[in-house]
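Enquirer:
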Amino acid sequence: MQKVVKTKFENSDGPTKIYRDLAGVVSLQTIKSWIKKVRNTGSIELSSPPGRPRTTRTKANILKAKQRLDQKRVSTRRSAAEMNISKSSIHRILRKDLGCFPDKKIKQPKLTMFEKRTVKFSNWVLNNYTKSDITRW
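All the letters of the sequence shown, read from the start, carry residue numbers 0 to 136 under numbering that gives the first Met the number 0.
This is the structure:
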């Protein structure tokens, strides 16, 4: 979207015309701020990401967590203690950055008598009828 705004501005379109052309997808105030950035710096891209810099979810810590995960299976508490970061941060690294999720055993309830009869009937139909017989129903 920013590239569209930049090219339209370079083609000497004003902010309100760009806003109308985009049918309100981006607010007029945002378009004006982007145009101001283009005038000042020549590009819309931010020089650095806004907000506070990362201190625990750094590339180095992510790499350490990945190496520990490859070596052996270790709890998040022990990993956090050894890497000297909080448990929630190591948990966030494992989930968001490395895509690791806990394995959960799912206990399925047994089939009821009605469900057993339904499965039995379905298997009987599959074994005793062909596809052409079923499509005629």
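Glycine included, every Cβ here is placed at the ideal spot set by N, Cα and C. Just so it is clear, the structure is predicted and the values come from calculations on it, not from any experiment.
Report all residues from its chain with a CB closer than 8 Å to the CB of T15; omit the five preceding and five following residues, and keep chain order.
Expert: L27
Enquirer: Go ahead and pull the three-state DSSP assignment for M82.
Expert: helix
Enquirer: Going straight from the alpha carbon of S11 to that of N83, what length do you get?
Expert: 55 Å
Enquirer: Grab me the residues of N60's own chain with a C-beta within less than 6 Å of its C-beta, minus the 5 sequence neighbours each way, in chain order.
Expert: Result list for N60: empty, nothing under 6 Å.
Enquirer: Below 8 Å, can you find three or more Cβ-Cβ pairs linking the stretch 111 to 123 to the stretch 95 to 102?
Expert: These segments do not touch.
Enquirer: Spell out a yes or no on whether the stretch 46 to 58 and the stretch 84 to 92 are touching, meaning 3 or more CB-CB pairs, one atom from each, closer than 8 Å.
Expert: Yes, the stretch 46 to 58 is in contact with the stretch 84 to 92.
Enquirer: Across the stretch 31 to 48 and the stretch 1 to 11, are there enough close Cβ pairs to call them in contact, namely three or more that are closer than 8 Å?
Expert: yes
Enquirer: Here's the rule: buried if 16 or more other CB atoms are within 10 angstroms of the residue's CB, otherwise exposed. What is S42?
Expert: It counts as exposed.
Enquirer: Does DSSP classify R51 as helix, strand or coil?
Expert: Looking at R51 - three-state DSSP - the assignment turns out to be coil, as it is neither helix nor strand.
Enquirer: Please state whether DSSP places I43 in a helix, a strand or coil.
Expert: Of the three classes helix, strand and coil, the one that applies to I43 here is coil, per DSSP.
Enquirer: Residues in its own chain within less than 7 Å of R91 by CB, not counting five upstream and five downstream?
Expert: For R91, where only same-chain residues beyond five positions count, the Cβ hits under 7 Å are R56.
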